[in-house]
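What follows is one structure encoded as structure tokens, with my remarks underneath.
Number of protein chains: 2
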Amino acid sequence: MNIAASSTENAGPFTHACVWHKLLANKIVEVAEKIKKLGQDDPRRIVHSLKVGLALTLVSLFYYIQPLYDRIGENLIWAVITVVLVFEFSVGATLGKGLNRMLATFSSGALGFGVHYLATLAGEKGEPIVLGFFVAIIGAIVTFVRFFPTMKTRYDYGLLIFILTFTLVSVSSYREDKVLRMAHQRVTTIIMGSFIAIVTCICIRPVWIGVELQNLVANNIEKLGNFLQGFSDEYFKISEDGQPMSDKPFLQGYKSLLTSKNSEETMANLARWELWHYRFGFCHPWKQYVKVGTLTRQCAYKIDALNNYLNSEIQTFNEFGCKIQDPSTKICSESGKALRELASAVKKMNQSTSVNAHIENLKIATENLKSMLDTYHLKDAKLQDVIPPAEVALTLIDVVPCIVKIADAVHELASLAHFKTPATRVSP
Amino acid sequence: MNIAASSTENAGPFTHACVWHKLLANKIVEVAEKIKKLGQDDPRRIVHSLKVGLALTLVSLFYYIQPLYDRIGENLIWAVITVVLVFEFSVGATLGKGLNRMLATFSSGALGFGVHYLATLAGEKGEPIVLGFFVAIIGAIVTFVRFFPTMKTRYDYGLLIFILTFTLVSVSSYREDKVLRMAHQRVTTIIMGSFIAIVTCICIRPVWIGVELQNLVANNIEKLGNFLQGFSDEYFKISEDGQPMSDKPFLQGYKSLLTSKNSEETMANLARWELWHYRFGFCHPWKQYVKVGTLTRQCAYKIDALNNYLNSEIQTFNEFGCKIQDPSTKICSESGKALRELASAVKKMNQSTSVNAHIENLKIATENLKSMLDTYHLKDAKLQDVIPPAEVALTLIDVVPCIVKIADAVHELASLAHFKTPATRVSP
């Protein structure tokens with residue numbers, strides 16, 4: 001803005017326009033770069049946008065086909081509304097919303113028809129009163145049901161559509177004589193809309209939320225492994241060259257785990273709708289992924305403490321520091337190997353065979369460190385020098401049970417989900 | 001089921017019916033208890049459900065008023081749809097959705113009308129092609145825009161409605177001659193529906209999400225304070241009577257903080273829509289609450305480490321343990337007082353006057369503990385005995401900068417939000 005202001009002071013209208021033109025061009029370039037970055041970060045976003053455009057065009061074709069329009073007419077808008085509201089980024093979310101919408105429309109349409117029949121019994125004057133009463137009661141009850149946690153996680157959208165359709169059918173029934181025909185047309189168009197949304201979502205480069213969840217959980221485990229494998233090098237390097245390490249990406253990766261609880265739970269709930277994914281089949285134990293995720297997060301809280309020791313001021317190591325270096329390094333490297341092996345097992349859906357060996361090594365290394373600490377006798381040392389390395393050692397000992405728990409949970413997952421046993425073991 | 005099975009073995013159909021009747025009654029009682037609990041946990045849920053029922057009845061009245069129906073007819077369904085989709089638990093969410101919906105309907109209706117005009121230029125055969133093309137392009141572009149984080153947080157619903165209305169207006173315009181009239185009626189009914197939803201939401205026992213967020217942030221700070229004030233008693237009591245403490249609620253309260261990030265951010269985004277709340281006014285610094293919340297959470301991670309020391313095995317205290325008891329207890333009690341004072345300041349929107357004194361005391365106590373640790377010389381002590389109390393002391397020292405940061409953030413909030421200065425200071 002400064003450039004524009006200074007250069008336009010003595011300028012005519014043409015120069016003025018030129019400068020504004022340049023500013024506008026800069027702004028456009030800036031927005032274009034943002035768009036490019038957003039697309040590059042996850043190219044599936046662009047594909048998703050194009051898929052929505054395609055689905056909308058497909059559903060609007062219905063309007064241009066004369067025989068279809070003659071039969072259904074204005075109610076075709078419900079197909080359009082359905083496509084817009086049901087189409088989501090992942091297959092699980094789209095399926096969940098589509099099935100919820102179809103089921104809710106069907107059941108609430110039937111209930112609305114029943115209430116319409118009851119209301120006609122009340123005579124012409126009583127009809128609006130009966131209808132209004134039922135709309136208020138059913139609306140309040142279903143709204144309250146939406147607060148139940150079990151209903152909220154899977155059927156929230158269906159309950160919303162239930163209220164919507166029931167109210168629409170009830171109030172329309174007062175004006176429209178052919179209620180049954182109207183209800184039938186709406187159900188048909190909503191099924192048509194859901195069908196278009198689901199087919200477009202599945203057939204063109206689908207995003208399976210189950211695969212996403214599996215990768216997320218595996219990557220989170222891997223991030224912990226990367227941290228631990230890198231940690232001992234970084235920590236003991238400080239002592240050797242006296243230089244603090246830079247913020248390396250593998251040491252910061254675990255931070256995204258600390259607050260991933262909600263997204264994991266949402267993904268697990270959506271993944272359940274992907275009933276027929278070739279890789280998972282029916283009844284895949286999605287809850288177990290949440291359990292593994294929770295244990296990984298608990299481990300990440302402890303890792304966060306370790307990270308703080310890395311960031312604290314440079315310490316010089318004394319005899320004690322050197323003594324814990326070997327067992328600590330062993331714990332870190334075995335933990336890292338075990339966790340990376342577990343991550344790869346989850347990702348490839350293999351039974352992990354070499355994890356148990358690493359866990360055994362890890363337990364032995366932990367026992368060594370523990371007995372070393374238990375028997376170590378301080379002879380005239382300054383507390384200041386002893387505490388920092390001792391804290392690191394104790395935190396590492398604390399991390400080990402977390403890792404064992406993660407390994408157990410992954411083994412449980414492997415047996416629940418019937419992970420295959422690899423024919424030839426690839427060494428990690 | 002076992003009771004039913006065993007008692008019905010030799011029974012006639014009457015007894016059979018009786019047993020099933022009892023089982024059914026039990027099931028009903030169980031569900032009723034669940035409902036009662038859900039209502040008791042938060043009675044506002046019941047009020048909200050009744051409000052939705054009322055709003056639905058109000059909007060369905062439109063159908064029964066003959067002059068209104070004569071003018072608007074079938075398009076009245078949009079008012080019903082709007083009430084169902086816009087009515088949310090909190091005022092902020094309802095206002096946000098209502099304003100989004102109105103704005104999006106208006107702008108996309110105008111765009112749809114423009115595209116309709118363009119399409120008619122293309123002749124009868126070209127019209128569906130032009131319309132289909134624009135529906136695909138605009139649908140894809142707006143879907144992509146929904147991925148921008150800044151758009152997603154505030155305008156996601158509006159963008160969805162934009163796609164919906166644009167598609168509906170475009171495809172309907174092919175069939176309907178009076179496009180302008182239809183667009184006008186839809187905008188009118190949607191405004192009517194939003195108005196009913198917003199008025200019902202605000203006038204009958206409203207839930208202001210801004211107040212909720214303020215209380216959440218204040219309660220979270222208070223939970224940390226409660227933990228710290230309780231911690232020193234519990235920790236040093238272990239040493240005295242050798243008994244582990246039970247899981248007291250004030251020691252577990254902080255755990256809900258660890259994963260509250262998402263809900264705080266969502267609430268802050270919704271609170272911005274509550275423009276005219278009497279307590280906050282325009283431009284209340286909602287982002288600052290998120291900042292305070294983030295700092296509180298970082299402090300909670302460290303508190304989690306302290307909690308682990310409480311849960312670890314019972315230790316016997318030696319000379320060193322006794323030596324840190326006094327300064328540690330001082331830090332805990334001053335931290336607790338400062339945090340509780342801060343929480344009360346946020347809740348009452350007061351400038352906190354006595355916090356600074358507590359913070360000063362806290363800093364002095366920390367310096368004392370630090371210099372004690374720095375100068376302490378271990379004479380022939382077992383490492384095992386020294387480490388646990390030393391860890392607690394170091395973690396406490398680590399917690400102090402977090403508390404200072406929280407206090408600074410709350411002071412910043414107080415000045416940004418023009419918290420009032422209390423006339424007479426009430427001692428904490």
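Going down the list, the sequences are from chains L and W.
Each residue of the first sequence is one higher than the one before, counting from 1 in UniProt numbering.
Each residue of the second sequence is one higher than the one before, counting from 1 in UniProt numbering.
Glycine included, every Cβ here is placed at the ideal spot set by N, Cα and C.
- Interface flag for Lys261 (chain L) against chain W is set, since a Cβ pair is found closer than 9 angstroms.
- Neighbours of Lys363 (chain L) in chain W, taken as residues at a C-beta separation under 8 angstroms, are lacking, since the least C-beta distance is about 19 angstroms.
- What Gly53 (chain L) touches in chain W, judged by beta-carbon distance under 9 angstroms, is Val135, Ala136, Ile137, Ile138, Gly139, Ala140, Ile141, Thr143, going in chain order.
- Among the residues of chain L, none has a CB under 7 angstroms from the CB of Ser107 (chain W); the nearest is roughly 16 angstroms distant.
- A check of alpha carbon separations from Asn269 (chain L) across L:His116, L:Leu23, L:Thr94 identifies L:Thr94 as the nearest.
- When the five nearest sequence neighbours on each side are left out, the beta carbons in the same chain lying within less than 7 angstroms of the beta carbon of Glu391 (chain W) are those of Tyr309, in order along the chain.
- For Ser170 (chain L), the uninterrupted alpha helix (DSSP H) segment begins and ends at 149-175.
- Cα atoms of Ala345 (chain L) and His411 (chain L): separation of roughly 10 angstroms, rounded to the nearest angstrom.
- A direct Cα-to-Cα measurement between Lys330 (chain W) and Ala104 (chain W) gives close to 58 angstroms.
- Chain order gives no chain W residues near Leu216 (chain L), where near means a beta carbon separation below 9 angstroms; the closest approach is about 15 angstroms.
- Close to chain W, meaning a Cβ-Cβ distance shorter than 8 angstroms, are the following residues of the segment 386-412 of chain L: Val386, Ile387, Ala390, Glu391, Leu394, Asp398.
- Just measuring C-alpha positions, the residue of W:Glu264, W:Ser232, W:Arg279, W:Phe280 sitting nearest Cys322 (chain W) is W:Ser232.
- Under the three-state reduction of DSSP output, His284 (chain L) falls in the coil class, being neither helix nor strand.
- Of the residues L:Ile35, L:Glu33, L:Tyr64, L:Cys18, the one whose Cα lies closest to the Cα of Ser170 (chain W) is L:Tyr64.
- Rounded to whole angstroms, Glu360 (chain L) and Asp385 (chain W) show a C-alpha spacing of 28 angstroms.
- Taking a contact as a CB-CB distance under 8 angstroms, the pair Ser260 (chain W) and Gly293 (chain W) counts as one, their CB atoms being some 7 angstroms apart.
- Of the residues W:Ile161, W:Tyr376, W:Phe236, W:Gly132, the one whose Cα lies closest to the Cα of Arg146 (chain W) is W:Ile161.
- Excluding the 5 residues flanking it on each side, Ile198 (chain W) has same chain C-beta neighbours closer than 7 angstroms at Thr94, Leu95, Gly98, in chain order.
- Contact with chain W is found for Leu258 (chain L), since one of that chain's Cβ atoms lies less than 9 angstroms from the residue's Cβ.
- Boundaries of the alpha helix (DSSP H) harbouring Gln325 (chain W): 319-348, taken from the DSSP string.
- Taking a contact as a CB-CB distance under 8 angstroms, the pair Leu216 (chain W) and Met267 (chain W) counts as one, their CB atoms being some 7 angstroms apart.
- Remark: C-beta atoms of Leu362 (chain L) and Tyr301 (chain L) do not approach each other more closely than 9 angstroms.
- Residues are counted here when their Cβ sits less than 8 angstroms from a Cβ of chain L; for the segment 24-38 of chain W these are Lys34, Ile35, Leu38, given in chain order.
- In the displayed model, His277 (chain L) falls within coil according to three-state DSSP, outside both helix and strand.
- Taking C-beta separations shorter than 6 angstroms and ignoring five residues to either side along the sequence, Glu319 (chain W) has no partners in its chain.
- Counting along the chain, Asp385 (chain L) sits inside the alpha helix (DSSP H) bounded by residues 383-416.
- If the five residues before and after Gln288 (chain W) are omitted, its C-beta is found closer than 8 angstroms to the C-beta atoms of Ala409, Glu412, Leu413, Leu416, Ala417, all from its own chain and listed in chain order.
- In the DSSP assignment, Tyr64 (chain L) falls within the unbroken alpha helix (DSSP H) covering 44-64.
- As computed with DSSP, Lys178 (chain L) is found in no beta bridge at all.
- In this structure, Ile196 (chain L) lies near Leu58 (chain L), with their beta-carbon atoms less than 9 angstroms apart.
- Our two residues, Lys152 (chain L) and Met182 (chain W), have alpha carbons roughly 36 angstroms apart in a direct line.
- Residues of chain L whose Cβ lies closer than 7 angstroms to the Cβ of Pro128 (chain W) are, in chain order, Tyr64.
- When only Cα atoms are considered, Asp41 (chain L) and Phe144 (chain W) end up about 13 angstroms apart.
- Chain W has no Cβ within less than 9 angstroms of the Cβ of Asp156 (chain L).
- Listed along chain W are Leu373, Asp374, Thr375, Tyr376, each with a C-beta nearer than 9 angstroms to that of Gln384 (chain L).
- The three-state reading of DSSP puts Lys420 (chain W) in strand, counting E and B together.
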